[in-house]
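Residue numbers (the working numbering): 682 to 881. All C-beta atoms in this analysis are idealised placements derived from N, C-alpha and C, irrespective of residue type, glycine included. Please read these numbers as outputs of a predicted model, since none were measured by experiment.
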Amino acid sequence: MNAAKALELIKSRRSTRKYTDRPVEPEKLMQILEAGRYAPSGGNSQTTHFLVISNKEILRELAVLVMQEFSKMEVTENMYASIANSIRASKGGKYIFYYNAPVLILVANQRDYGNNMADSACALENMMIMANALDLGSCWINQVHWLTDNPVICEYLSGLGLSGEECVCGGLAVGYPDTEDGLPVRSPLPRKGNPVTYAE
Ligand SMILES: Cc1cc2nc3c(=O)[nH]c(=O)nc-3n(C[C@H](O)[C@H](O)[C@H](O)COP(=O)(O)O)c2cc1C
682 MNAAKALELI KSRRSTRKYT DRPVEPEKLM QILEAGRYAP SGGNSQTTHF LVISNKEILR
742 ELAVLVMQEF SKMEVTENMY ASIANSIRAS KGGKYIFYYN APVLILVANQ RDYGNNMADS
802 ACALENMMIM ANALDLGSCW INQVHWLTDN PVICEYLSGL GLSGEECVCG GLAVGYPDTE
862 DGLPVRSPLP RKGNPVTYAE
């Protein structure tokens, strides 16, 4: 075990929002999925479901549907800023919610399971760390989660293999970063929050 390497991989993980077209090698994708599948789960339930989309046609169709459904919504006061941004961008007509990454992994779980979000978040973080270890960029993508009760999106996802009992808890864009050296940006953002209190 190498504690210093583990901490380095955690601290240097950053969100990538610009990707090249270079496909992700199947072996690397499998390693990322393995990292997600080996995340802990409440009561060892192992109900986290990974829907891997790398087919360009499906990604395009999903992006069009997401834009279409967001564009029907209205921005309201006190709305979470990122949802409001998705709505505004969708009404603009050129919104690609997954940043044109070559792979989008939707992380789903049982709707009626109390730890669905916690288990999915553990899996997502494991996958982000693994992507970083493989010199791949990644970014948590929440748009399909926000639309997880939307009938149009539900129907489309059921055609891809999600059951009606599952909800989308989050998503992960994965791909090679469009940077000068081709590597992910790795400088951590300063930590101004996340306080630690040692109780005495
Ligand atoms: C629960 C959660 C939801 C997020 N949703 C999105 C998203 O939908 N789109 C996006 O571009 N980034 C999303 N992010 C990424 C955050 O914006 C990002 O982690 C944060 O700004 C810190 O930057 P860093 O990841 O580079 O350290 C999300 C992150 C988390 C943990």
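Rounded Cβ spacing between residue i and residue j (contact assumed at less than 8 Å)
i           : j           : result
residue 829 : residue 848 : 5 Å
residue 750 : residue 834 : 6 Å
residue 779 : residue 740 : 7 Å
residue 789 : residue 746 : Between residue 746 and residue 789 the Cβ distance is about 16 Å, and since that is not below 8 Å, they are no contact.
residue 713 : residue 811 : 5 Å
residue 761 : residue 859 : That belief does not hold up - the Cβ atoms of residue 761 and residue 859 are roughly 28 Å apart, past 8 Å.
residue 947 : residue 855 : Past the edges of the chain, shown from 682 to 881, lies residue 947, and the structure says nothing about it.
residue 839 : residue 794 : Residue 839 to residue 794, Cβ: 18 Å. No contact.
residue 732 : residue 841 : 6 Å
Cut-off 6 Å between Cβ atoms - residues of its own chain near residue i, not counting five sequence neighbours on either side
i           : result
residue 720 : 803, 804 and 807
residue 752 : 771 and 772
residue 722 : 800
residue 776 : 748 and 770
residue 650 : Given a span of 682 to 881 for the chain in the structure shown, any question on residue 650 remains unanswerable.
residue 716 : 807, 808 and 811
Residues that DSSP places opposite residue i in a beta bridge
i           : result
residue 851 : 788
residue 700 : 858
residue 868 : According to DSSP, which records beta bridges pairwise, residue 868 is partnered with nothing at all.
residue 819 : 696 and 855
Cβ-based neighbour list, residue i, same chain, cut-off 7 Å, excluding 5 preceding and 5 following
i           : result
residue 791 : 728, 797, 846 and 847
residue 813 : 690, 693, 694 and 865
residue 764 : 827
residue 850 : 788, 789, 790, 797, 798, 801 and 826
residue 867 : 693 and 695
Where the alpha helix (DSSP H) through residue i begins and ends
i           : result
residue 833 : 832-841
residue 688 : 684-692
residue 764 : 762-772
residue 739 : 737-752
residue 713 : 707-718
residue 824 : 824-827
Range covered by the beta strand (DSSP E) that runs through residue i
i           : result
residue 805 : No beta strand (DSSP E) contains residue 805, which is instead part of the alpha helix (DSSP H) from 797-814.
residue 731 : 730-734
Ligand 3 heavy atom lying under 7 Å from the CB of residue i
i           : result
residue 698 : Absent from the structure shown: ligand 3. Ligands present: ligand 1.
Within-8 Å CB hit, residue i to chain B
i           : result
residue 732 : Within the model displayed, chain B is absent; a lone protein chain is all it includes.
Sequence-distant residues of its chain with Cβ nearer than 8 Å to residue i (five each side left out)
i           : result
residue 837 : 742, 743 and 746
residue 852 : 779, 785, 786, 787, 788, 821, 822, 823, 824, 825 and 826
residue 685 : none
residue 724 : 796
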